[in-house]
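Working notes, beginning with the structure itself.
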Amino acid sequence: MKGGIRSRFLPDLFVDTIYDIDINALKERGIKAFVFDIDNTLAPYSMPSADEKLIKWISDLKERGFEVMIASNNGKKRVSLFARSIDCDYISRACKPLEFKIKRKLSSLNIKPTQAVLVGDQLFTDIWSASLMGMYSILVRPISDKEGWFVKLKRGLERKILNS
Ligand SMILES: [Mg+2]
Numbered sequence: 000m001k002g003g004i005r006s007r008f009l010p011d012l013f014v015d016t017i018y019d020i021d022i023n024a025l026k027e028r029g030i031k032a033f034v035f036d037i038d039n040t041l042a043p044y045s046m047p048s049a050d051e052k053l054i055k056w057i058s059d060l061k062e063r064g065f066e067v068m069i070a071s072n073n074g075k076k077r078v079s080l081f082a083r084s085i086d087c088d089y090i091s092r093a094c095k096p097l098e099f100k101i102k103r104k105l106s107s108l109n110i111k112p113t114q115a116v117l118v119g120d121q122l123f124t125d126i127w128s129a130s131l132m133g134m135y136s137i138l139v140r141p142i143s144d145k146e147g148w149f150v151k152l153k154r155g156l157e158r159k160i161l162n163s
C-alpha cells in the first residue's frame with residue numbers, strides 16, 4: 000500500500016479520457032489486466048451500452064493480451080448489459096472502495112493486484128479501492144462534467160448569437 004492518508008486517494012495517473020491512456024507504458028510496467036468503472040468513466044449514466052469507438056478500443060486491448068473487466072457499484076441490470084456490449088466479465092455492486100470482490104475476480108484469473116490497473120472517475124471509490132490492493136490507478140475526468148462544460152459553452156455562444 001502507498002504511504003500516507005492523502006496518497007491513498009491520489010491516482011498514479013490522471014488523464015482526460017480513457018483514450019489518453021498510454022497502453023504501451025502499462026504493458027512495460029507489467030500490467031496484465033484492466034478493471035474499468037463504467038459510469039462517467041467508460042460512458043455517461045445515460046448510455047446503456049458501448050459506442051463503436053469504445054468497442055474498438057476495448058477489443059484492441061484484448062488483442063494486445065490484456066484481460067479486461069468491469070467493476071461497478073451499479074446494479075446487475077446496468078452492468079451486465081454494458082459488459083455484454085464490450086464482451087467482458089463484470090462485477091456489479093462491486094462495493095468499492097472495499098476491495099474483496101475485485102481481488103477475488105483477479106485471483107480467479109491468476110492475476111496479482113499489482114499486475115492490474117483500475118480506471119475510474121472517483122477518488123473515494125475507484126482510486127481508494129485500487130490503492131487498498133496495491134493496484135495501479137488511473138483517474139479520468141468524469142464524462143458528465145465534460146458534457147456539462149460543453150453544454151454551458153454552447154449555451155453561452157447561443158446567447159451571444161441571439162443577442163447580436
Ligand atoms: Mg464512476
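The letter at position 26 of the sequence shown is residue 25 when you use numbering that gives the first Met the number 0, and the numbering goes up by one with no holes. In this text, a Cβ means the ideal position worked out from N, Cα and C, and glycines have one as well.
Inter-residue Cα distance where the pair is residue i and residue j
i	j	result
Gly119	Ile101	14 Å
Arg92	Asn109	22 Å
Ile54	Ser84	7 Å
Met132	Phe65	19 Å
Lys1	Ser48	Residue placement at Lys1 is poorly supported in this model, since its pLDDT is 47, which falls under 50; the coordinates still yield a value, given next. If you take the alpha carbons of Lys1 and Ser48, they lie about 34 Å apart.
Pro10	Leu161	43 Å
Glu27	Lys95	27 Å
Phe8	Trp127	5 Å
Phe81	Lys52	14 Å
Gln114	Ser71	20 Å
Candidates the options: closest to residue i by CA position
i	options	result
Leu138	Glu27, Lys52, Phe33	Phe33
Ala129	Leu152, Val78, Asp50, Leu105	Leu105
Ile20	Trp127, Leu60, Asn39	Leu60
Val116	Ser45, Arg77, Glu62, Ile69	Ile69
Lys31	Tyr135, Lys75, Glu98, Lys52	Tyr135
Glu98	Phe81, Ser45, Phe13, Phe123	Phe123
Met46	Arg103, Val78, Arg63	Val78
Cys87	Ala24, Arg7, Val67	Val67
Range of the contiguous beta strand (DSSP E) that encloses residue i
i	result
Ala32	32-35
Ile90	88-90
Glu66	66-70
Other residues of its chain near residue i: CB distance less than 6 Å, five sequence neighbours each side excluded
i	result
Arg140	Asp15
Ile142	Asn39, Pro43
For residue j and residue i, believed in contact at Cβ under 8 Å, the rounded distance
i	j	result
Asp50	Asp125	Going by Cβ atoms, the distance from Asp50 to Asp125 rounds to 21 Å, so no, they are not a contact pair.
Ile22	Arg63	7 Å
Residues of its chain near residue i, where Cβ-Cβ distance is below 7 Å and the 5 sequence neighbours each way are ignored
i	result
Tyr18	Trp56
Span of the alpha helix (DSSP H) around residue i
i	result
Phe81	75-84
Phe123	That residue, Phe123, is in no alpha helix (DSSP H); it is neither H nor E in DSSP.
Other residues of its chain near residue i: CB distance less than 8 Å, five sequence neighbours each side excluded
i	result
Asn186	A query on residue 186 cannot be resolved here, the shown segment of the chain reaching from 0 to 163 and no further.
Ser6	Ser130
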